[in-house]
Amino acid sequence: MVDDVSIDPWSSNQSTDYARIIEQFGLESVDYSLLPNPHMLHRRGIVFAHRDLNLVLDAHYSGKPFGVLTGLMPSGRMHLGHKMVIDQVKWFQEQGADVTIAVADLEAHATRGLSLEDCRRVAIEEYVANYAALGLDVDNTNIYFQSTRPVVQRLGFTLGKRTNLSEFEAIYGFEGGTNLAHVQAPLVQAGDILHPQLDEYGGLRPIVVPVGVDQDPHLRLTRGLAAKTNWFNVSQRKSGGLVIGLSVQDENSLALGIGKDGRVDRVARQSVFDKLSNILDKLGFSDYRANPKHGSIEIPGATSRDRDLIRPKLLKLERSLGGLGLLQPSSTYHQFAIGMTGDKMSSSRPETTIFLTEDISLMEKKVKSSFSGGQPTLEEHRRLGGNPDVDVAFQYLKYFFETDDNALSEIESGYRSGEILTGQMKQICIEKATEYLSELNEMRDQTSHIVSDFLAADSKS
Ligand code: TRP
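Under this note's numbering, the first residue of the sequence shown is numbered 180, with each subsequent residue one higher.
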């Protein structure tokens, strides 16, 4: 469709029509009143959408384990856009999540031509050093390299079987000339996202991936891949309630009671159904109709909330029978701060962002020459007011530097009314940014001795 919004993880052209994005990609809006200790990024509507965040919140509120995962591209320098993701990771960690961070060194090696040694150095000096300074809890954070965690690569490879070039074309717009590194990288990334659920990496639990909305294609791919491996599906019944269905595949046909002749082996099938019935009995369902021959169980009285209770039990059963038992990852989506020049923020164009190790004087220059929402003349500004929605200095206070909501809204209304001038807005931003960068610098010094402790056992040199 011509007027579809496009989101593309590799494009520099991003739609900011967030309501359309929610609708078109089937995301849900974030209601921050449901969140424990909402972060300023939630209160300000910057983290605006999610998929399956309720699984994570349920785990949090019932004291069960859950995890958060992100990845870093070890090229270039860490900037404010990267910091925003780590702020969210830290918030999840404070709510009880364990933290896994993938260093996408295979991806950077294949798509950006960096050596693995360079990737390692950049990851540690530029990113992990800042994660430590930003206050991630070292005791609960595991950073690993794609290149040294075979299970991630193996999972990526195995999952490749569940997709094809047409799907990549549909999701990413790939064509005949697309470099296959762009096919491999999302598969390895699916391995990144899904492997923390494996028994050796913490076991079955919800894992949430906070991303910019441009990364949703990766999440859609990964969620689809996970679902396709599942041995049992739970879906809504047309006439109400839920239905559990077997998903018979080459790998599981014997276990799910298909004989060598391709027919239903009644004894084997009944044993699977006994286990399924046992799960439903334990969950307190009494009214369900099992149809072993057909491979389904109808539960007319079950609600969509019951689905969240049933699914993990089915994944556990799948694992006990020899399957992967993968839960689809949850995700949250944030809006983008505008680049300092008024268009997109990008690490390859230093004038569009502030790096976490930026010199104060350089930061000052960037803010002073940043795109402004002020009026051309003082007289007009006093009369018409400025536009904070496009004003970089204000937007950076909102996204990064002014943590006090009341102070922020006073600045906003002062600007709109014309009372605060453009130069003053920039000065406020510079003061706050100076404070921020100086404190971070101080924290980098104080935490430099624990940087290597953030690396997982398989990723220490
Ligand atoms: N591809 C991501 C980037 O370009 C990095 C990444 C690798 C990642 N694995 C991930 C991000 C898993 C989120 C989750 O920045």
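All C-beta atoms in this analysis are idealised placements derived from N, C-alpha and C, irrespective of residue type, glycine included. Computed from a predicted structure; not experimentally measured.
Query raised in the report: Given a threshold of 16 other Cβ atoms within 10 Å of its Cβ, counted over all protein chains shown, does V446 qualify as buried or as exposed?
Result: Numbered from 1 along the sequence shown, position 267 holds the residue referred to as residue 446. It counts as exposed.
**Report entry** Burial state of E305 (16 or more Cβ within 10 Å)
**Finding:** By 1-based counting over the sequence shown, the position of residue 305 is 126. It counts as buried.
Requested in this report: Return yes when at least one heavy atom of ligand 1 lies under 7 Å from the C-beta of E286, else no.
Outcome: Numbered from its first residue, the sequence shown carries residue 286 at position 107. It does: the Cβ of E286 is within 7 Å (strictly closer) of some heavy atom of ligand 1.
**Report entry** Limits of the unbroken beta strand (DSSP E) element including G292
**Finding:** Position 113 of the sequence shown, counted from the start, is the residue given in the question as residue 292. That residue, G292, is in no beta strand (DSSP E); it is neither H nor E in DSSP.
Report task. Label M180 either buried or exposed according to how many other C-beta atoms from any shown protein chain fall within 10 Å of its C-beta, with 16 as the threshold for buried. Result -> What you label residue 180 is simply residue 1 of the sequence shown in a count that begins at 1. Any reading at M180 is ruled out, since the residue's pLDDT is 35, under 50, leaving its predicted position unreliable.
Query raised in the report: If you draw a straight line from the C-alpha of D182 to the C-alpha of K454, how long is it?
Result: Position 3 of the sequence shown, counting from 1, holds the residue named residue 182. Position 275 of the sequence shown, counting from 1, holds the residue named residue 454. For D182, the predicted structure reports a pLDDT of 48, less than 50, and the residue's modelled location is therefore unreliable. A value from the coordinates is still provided. In a straight line, the C-alpha of D182 is about 49 Å away from that of K454.
Query raised in the report: Thinking C-alpha only, which one of I478, P385, G474 and D284 is nearest S432?
Result: Looking up residue 432 in the sequence shown gives position 253. S432 has its Cα closest to that of G474, out of I478, P385, G474 and D284.
Query raised in the report: Out of D393, E621, T337 and D583, which has the shortest C-alpha to C-alpha gap to L366?
Result: By one-based count along the sequence shown, residue 366 stands at place 187. Comparing Cα-Cα distances from L366 to each of D393, E621, T337 and D583, the minimum goes to T337.
Requested in this report: Determine the direct distance from the alpha carbon of N412 to that of I372, and round the result to whole angstroms.
Outcome: As a working note, residue 372 is residue 193 in the sequence shown. As a working note, residue 412 is residue 233 in the sequence shown. Computed Cα separation, rounded: 21 Å.
Query raised in the report: Mind checking whether the beta-carbon of L366 lies closer than 7 Å to any heavy atom of ligand 1?
Result: By one-based count along the sequence shown, residue 366 stands at place 187. No, the Cβ of L366 stays beyond 7 Å of every heavy atom of ligand 1.
Report task. Determine, using beta carbons only, whether V268 and V235 come nearer to each other than 8 Å. Result -> The residue you call residue 268 lines up with position 89 of the sequence shown. The residue you call residue 235 lines up with position 56 of the sequence shown. No, Cβ-Cβ distance for V268 and V235 is not below 8 Å.
Query raised in the report: With DSSP run on the structure shown, which of helix, strand or coil describes R230?
Result: Residue numbering aside, residue 230 sits at position 51 when the sequence shown is read from its first letter. DSSP places R230 in strand when its eight states are reduced to three.
Requested in this report: For I265, I'd like the list of residues in its chain whose CB is within less than 8 Å of its CB, leaving aside the five on either flank, ordered along the chain.
Outcome: What you label residue 265 is simply residue 86 of the sequence shown in a count that begins at 1. Excluding sequence neighbours, I265 sits near T249, N309, Y310, L313 and L315.
**Report entry** C-beta atoms of L506 and L494 nearer than 8 Å
**Finding:** Position 327 of the sequence shown holds residue 506. Position 315 of the sequence shown holds residue 494. Cβ atoms of L506 and L494: closer than 8 Å.
**Report entry** Close beta carbons around I629, own chain, < 8 Å, minus the five adjacent residues each side
**Finding:** The sequence position of residue 629 within the sequence shown is 450, counting from 1. These residues qualify, in order along the chain: A311 and V317.
Query raised in the report: Are the beta-carbon atoms belonging to V422 and I476 less than 8 Å from one another?
Result: As a first step, residue 422 must be located in the sequence shown, where it is residue number 243. As a first step, residue 476 must be located in the sequence shown, where it is residue number 297. Yes, the pair counts as a contact, with Cβ atoms nearer than the cut-off.
Requested in this report: Could I get the ranges of all uninterrupted alpha helix (DSSP H) runs contained in the segment 508-573, with 4 residues as the minimum, in chain order?
Outcome: Segments of the alpha helix (DSSP H) lying fully in the segment 508-573: 539-547 and 557-563.
Query raised in the report: To which residues of the same chain is T279 closer than 7 Å at the C-beta, ignoring the five residues directly before and after it?
Result: Start at 1 with the first residue of the sequence shown, and residue 279 comes out as number 100. Cβ within range, chain order: G246, L248, N321 and P375.
Query raised in the report: Over what stretch of residues does the beta strand (DSSP E) that includes D277 continue unbroken?
Result: Position 98 of the sequence shown, counted from the first residue, corresponds to residue 277. Counting along the chain, the beta strand (DSSP E) containing D277 begins and ends at D277 to V282.
Query raised in the report: Between Y410 and the rest of its own chain, which residues show a CB-CB distance below 6 Å, the 5 nearest in sequence each way excluded?
Result: Working through the sequence shown from its first residue, we reach residue 410 at position 231. The sequence as given places Trp at residue 410; Tyr does not occur at that position. So the list reads S426, N431, E497 and G502, once near-sequence residues are dropped.
Report task. Flag this pair as yes or no: are the beta carbons of A228 and Y578 separated by less than 8 Å? Result -> Along the sequence shown, one-based indexing puts residue 228 at 49. Along the sequence shown, one-based indexing puts residue 578 at 399. Cβ atoms of A228 and Y578: not closer than 8 Å.
Report task. Go ahead and label D460 buried or exposed: buried means 16 or more other beta carbons lie within 10 angstroms of its beta carbon, across all protein chains shown. Result -> Taking the first residue of the sequence shown as position 1, residue 460 is located at position 281. The residue is exposed, with fewer than 16 neighbouring Cβ atoms inside 10 Å.
Query raised in the report: Can you give the Cα-Cα distance for Y380 and K407, rounded to whole angstroms?
Result: Here residue 380 refers to the residue found at position 201 when the sequence shown is read from its first residue. Here residue 407 refers to the residue found at position 228 when the sequence shown is read from its first residue. Spanning the two alpha carbons is a distance of roughly 21 Å.
Requested in this report: Can you tell me the Cβ-Cβ gap for F573 and G552, rounded? I've got them flagged as a contact below 8 Å.
Outcome: The residue given as residue 573 occupies position 394 in the sequence shown. The residue given as residue 552 occupies position 373 in the sequence shown. F573 to G552, Cβ: 7 Å. Contact.
Query raised in the report: Got a sec: does ligand 1 put a non-hydrogen atom nearer than 7 Å to the Cβ of D371?
Result: Counting from one through the sequence shown, the residue named residue 371 turns up at place 192. Using a cutoff of 7 Å, the CB of D371 counts as near ligand 1, since one of the ligand's heavy atoms is closer than that.
Query - Local Cβ density within 10 Å of Y240, reported as buried at 16 or more and exposed below that - result: The count along the sequence shown starts at 1 and reaches residue 240 at position 61. Exposed.
Query raised in the report: Is F142 helix, strand or coil when you go by DSSP?
Result: With the chain covering only 180 through 640, there is no way to say anything about residue 142.
Query raised in the report: Count the other CB atoms within 10 Å of the CB of D637; is the residue buried (16 or more) or exposed (fewer)?
Result: Within the sequence shown, the letter at position 458 stands for residue 637. D637 should be labelled exposed.
Query raised in the report: Going along the chain, which unbroken runs of the alpha helix (DSSP H) with 4 or more residues stay wholly within the segment 307-374?
Result: 308-313, 329-338, 344-351 and 360-373
Requested in this report: Can you give me the Cβ contacts of S414 inside the same chain, cut-off strictly under 8 Å, excluding the 5 residues immediately before and after it?
Outcome: In the sequence shown, the residue the question calls residue 414 occupies position 235. Once the five neighbours on either side are set aside, the close Cβ partners of S414 are L421, V422 and G424.
**Report entry** Any non-hydrogen atom of ligand 1 closer than 7 Å to M524 Cβ
**Finding:** By one-based count along the sequence shown, residue 524 stands at place 345. No, the beta carbon of M524 sits no closer than 7 Å to any heavy atom of ligand 1.
Query raised in the report: Does the beta-carbon of P385 have 16 or more other beta-carbons within 10 angstroms, so that it is buried, or is it exposed?
Result: Reading the sequence shown from its first residue, position 206 is the one you call residue 385. When all chains shown are included, P385 counts as buried.
Query raised in the report: Taking just the CA atoms, how far does H288 sit from L206?
Result: Your numbering for residue 206 matches position 27 in the sequence shown. Your numbering for residue 288 matches position 109 in the sequence shown. The alpha-carbon atoms of L206 and H288 are separated by roughly 32 Å.
**Report entry** Touching by the beta-carbon criterion (3+ pairs, under 8 Å), the segment 598-610 and the segment 560-575
**Finding:** yes
Query raised in the report: Across which residues does DSSP place S208 in a beta bridge pair?
Result: Within the sequence shown, numbered from 1, the residue matching residue 208 stands at position 29. Paired residues: A228.
**Report entry** Beta-bridge partners of T249, as assigned by DSSP
**Finding:** Counting from 1 along the sequence shown, the entry for residue 249 is found at position 70. BP columns for T249 point to I280.
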